[in-house]
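Just so you know, the sequence shown maps onto residues 4 to 396 in our numbering. So the structure is just underneath, and the comments pick up after that.
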Amino acid sequence: MDFTFPAEVEEFRKEVREFMERELTPEIRDEYEHCTDYPHGFNKAITRKLGQRGWLTLTWPKEVGGKDASVWERVVFDEEMAAHHCPIAAHQVSANFAGPAVVHFATDEQKQKLLPPITRGESTWGIGLTEPNAGTDLASVELRAVRDGDDWVLNGSKMFTEHVQDSDHYFLITRTDTEAPKHRGVSIIVVDPRTPGITMVPLWTMDGYRVNQVFFEDVRVPGDALIGEENRGFYHLAMTLNTMRSSGLGGWTEAQGDLDSLVRYAMETADNGTPLIEDSWVADGIADFAIHVRISRLLAYRVASMLESGGPAPDKETAVRGVWGKVYGQKHIKFANDMMGMAGQVGKYSPEHAPMLARWQRRYMGGIAGAHNGGTPENILNTVALRVLGLPR
């Protein structure tokens with residue numbers, strides 16, 4: 004199979020790469036690994052520079068601020084961002100989750116208000132899905148949204164919301180009908196996180212990142228905060244999640260860089276005078292990691308080719324890709340930690356003794372919870388079983 008991109012796509016890649024090499028100073032790259040408020044960092048200045056070039060929402064329609072670019076242009080943009088550790092993760096939630104929901108389901112007035120700041124890299128969103136009693140089964144949400152005149156009044160709580168403490172908007176899944184079947188009584192409401200009655204309690208993850216438990220007490224928001232149809236939010240959310248899972252198609256390049264670093268370490272580091280690479284279990288682990296990276300690339304390109312053909316986000320292929328990344332990603336993080344041993348746990352405060360600044364230690368701690376983002380591995384495996392293999396429930 005020939006993976007050569009058209010000349011115009013490679014020219015765009017060159018432009019993006021030159022931008023990354025010029026703009027991403029060592030200090031900015033460091034945010035990707037060591038920022039504690041945002042997983043993979045969030046540099047607002049870089050985000051806005053990317054927005055000024057129209058790169059943050061490449062494939063969005065021009066009428067909503069996009070560039071109507073090809074999916075392959077988005078792929079090479081994602082590849083260069085991942086390869087260069089560009090710290091704009093918080094905006095990815097806006098561009099790949101909240102933004103597409105607004106594009107597909109919002110009114111024209113809502114689109115005019117909410118989308119331009121996303122395309123310019125000027126607004127960020129928090130996503131409120133998980134609750135104390137609603138994790139994978141999002142149809143079980145209990146955050147109540149009740150009509151009161153022209154407004155909505157919200158009461159309840161959300162769990163594990165990232166970077167909402169600094170966000171401009173808060174995308175919420177709410178319960179708007181307690182009498183209907185649970186899948187049919189859910190609606191999407193967008194609120195300002197600074198609205199009176201909202202209280203945020205920081206929670207710190209094992210790998211040092213902040214998430215939040217958010218409480219809503221008689222929070223009043225205008226009626227036009229509803230996105231899409233009332234009581235159809237679960238179905239809107241299903242499409243939005245599938246769109247999100249088909250994003251980040253260039254992430255395999257970061258894994259390739261990680262693999263290259265491990266190969267160098269194994270070749271340059273000795274155990275009792277013998278290079279690590281000569282140990283059979285190390286060589287086997289690296290070979291397995293290399294296979295993982297290549298298959299990740301193939302899965303990403305398959306999703307991209309289907310999107311480029313004009314169809315919706317392919318749910319079967321995104322499910323397979325999701326399982327592959329979640330399950331095997333954790334496997335190779337464990338291998339890297341086992342191979343590096345104690346040296347892999349030394350952080351940036353002792354750089355002379357830290358071959359990778361504790362990168363794999365942090366990924367090991369964050370990978371367990373991170374694998375649940377966008378759906379647990381077990382949940383997505385069920386999707387593969389039902390929709391890909393046609394197995395019974």
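Even for Gly, the Cβ is constructed at its ideal location relative to N, Cα and C. None of these values were measured; they are calculated from a predicted model.
Short Cβ contact (8 Å threshold) for residue i with residue j
| i | j | result |
| --- | --- | --- |
| residue 192 | residue 217 | no |
| residue 179 | residue 161 | no |
| residue 342 | residue 288 | yes |
| residue 339 | residue 347 | yes |
| residue 66 | residue 12 | no |
| residue 203 | residue 259 | no |
| residue 220 | residue 188 | no |
| residue 93 | residue 15 | no |
Strand pairing of residue i, partner residues [DSSP]
| i | result |
| --- | --- |
| residue 202 | 218 |
| residue 155 | 150 and 224 |
| residue 88 | Residue 88 is not bridged to any residue. |
For residue j and residue i, the rounded distance between their alpha carbons
| i | j | result |
| --- | --- | --- |
| residue 118 | residue 105 | 8 Å |
| residue 248 | residue 269 | 33 Å |
| residue 280 | residue 264 | 13 Å |
| residue 358 | residue 285 | 17 Å |
| residue 364 | residue 155 | 44 Å |
| residue 410 | residue 30 | With the chain running from 4 to 396 in the structure shown, residue 410 is simply not present. |
| residue 234 | residue 138 | 19 Å |
| residue 22 | residue 237 | 39 Å |
| residue 401 | residue 375 | Absent from the structure is residue 401, since the part of the chain shown begins at 4 and ends at 396. |
| residue 97 | residue 122 | 9 Å |
| residue 331 | residue 109 | 37 Å |
| residue 140 | residue 271 | 47 Å |
Coil, strand or helix - residue i by DSSP
| i | result |
| --- | --- |
| residue 46 | coil |
| residue 335 | helix |
| residue 245 | helix |
| residue 1 | The first residue shown for the chain is 4 and the last is 396, placing residue 1 beyond what the model contains. |
| residue 274 | strand |
| residue 137 | strand |
| residue 161 | strand |
| residue 172 | strand |
| residue 379 | coil |
| residue 2 | No answer is possible for residue 2: the residues shown for the chain start at 4 and end at 396. |
Residue i, buried or exposed, once every other Cβ within 10 Å from all chains shown has been counted against 16
| i | result |
| --- | --- |
| residue 115 | exposed |
| residue 257 | buried |
| residue 254 | buried |
| residue 207 | exposed |
| residue 182 | exposed |
| residue 83 | buried |
| residue 290 | exposed |
| residue 196 | buried |
Beta carbon proximity, residue i to chain D, threshold 8 Å
| i | result |
| --- | --- |
| residue 181 | No chain D appears in this structure, which consists of one protein chain only. |
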